[in-house]
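The sequence shown: position 145 = 144 (numbering that gives the first Met the number 0), numbered continuously.
For each residue, glycine too, the CB sits at the ideal point set by N, CA and C.
A quick note: this is a predicted structure, and the numbers were derived from the prediction, not measured.
The structure appears below as structure tokens.
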Amino acid sequence: MSNEWDKFAEGWDVDASVQEYANQAFRELSDVLNIDGLSVFDFGCGTGSLTQLLSPRAKGIVALDGSSEMIRILAKKKLSNVSTISGFLTQDLIDSHPHLTNKFDLIVASSVCGFLPDYEMTLGLLRSLLKSGGLFIQWDWLSNDEPSITGLSESRVLHALRANRFVDIQIKRPFEMNSSNGTMTVLMAVGKKSNKPSPITRSVS
């Protein structure tokens, strides 16, 4: 992400496909775990389409986005258990920001990882923010080509999660979205943080 996303912020919530993507992601998330009472980090939250769905059930949410305009719109929604961060995820931010002091039960990343300049490095930062046994879940456009500027392939996601010591990895294609470019498939990946000595050797489901 970069601040070039600021120009999309005002019209983001009126795009029906944005809310439909969030609705589908939330349904899939609800099939994976019960989010009641969990602490959640919404990475690349945008204007909070998924955040709003999580808020009534989560204990607390920290929502981060690199677009200050996206964060401004989310903050205006005044969700009582949501704290916002405008900025990019770095080790310095993790070390210094009070909202990132405590670890999270769940990290979600909806349609963001495929746009990162260094997906693999960012996964390591995200893992460091999880409690032991916590889950990381991402949704991205599926790409069959590497490199891709907007999507990720199943093989790259699997390799990156393994390399960053996530376990109990699940990857699937849960839904599709129609666009002016045709039908686009969404990739969903789930990984768990484990403190076992050699989690990279565990089997992948």
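Annotation for Phe-25: no beta strand (DSSP E) segment contains it, though the alpha helix (DSSP H) segment containing it runs 15 to 31. Beta-carbon to beta-carbon, Asp-139 and Ser-178 are separated by about 15 Å, too far to satisfy the 8 Å threshold. By the C-beta density criterion, Leu-32 is exposed, having fewer than 16 other C-beta atoms within 10 angstroms.
In this structure, Ile-106 keeps its C-beta atom at 7 Å or more from the C-beta atom of Phe-87.
DSSP places Ala-188 inside the beta strand (DSSP E), whose first and last residues are 181 to 192. A residue is called buried once 16 or more other Cβ atoms fall within 10 Å of its Cβ, and Ser-54 is buried on that count. Counting only residues of its own chain and dropping the five nearest sequence neighbours on each side, Leu-125 has a CB closer than 7 Å to the CB of Phe-42, Ile-106, Phe-135. Counted as a single uninterrupted DSSP element, the alpha helix (DSSP H) harbouring Ala-162 occupies residues 153 to 162. The residue from Ser-16, Ile-60, Cys-44 with its alpha-carbon nearest to that of Ser-85 is Cys-44. Secondary structure note for Ser-109: its beta strand (DSSP E) is the uninterrupted segment 103 to 109.
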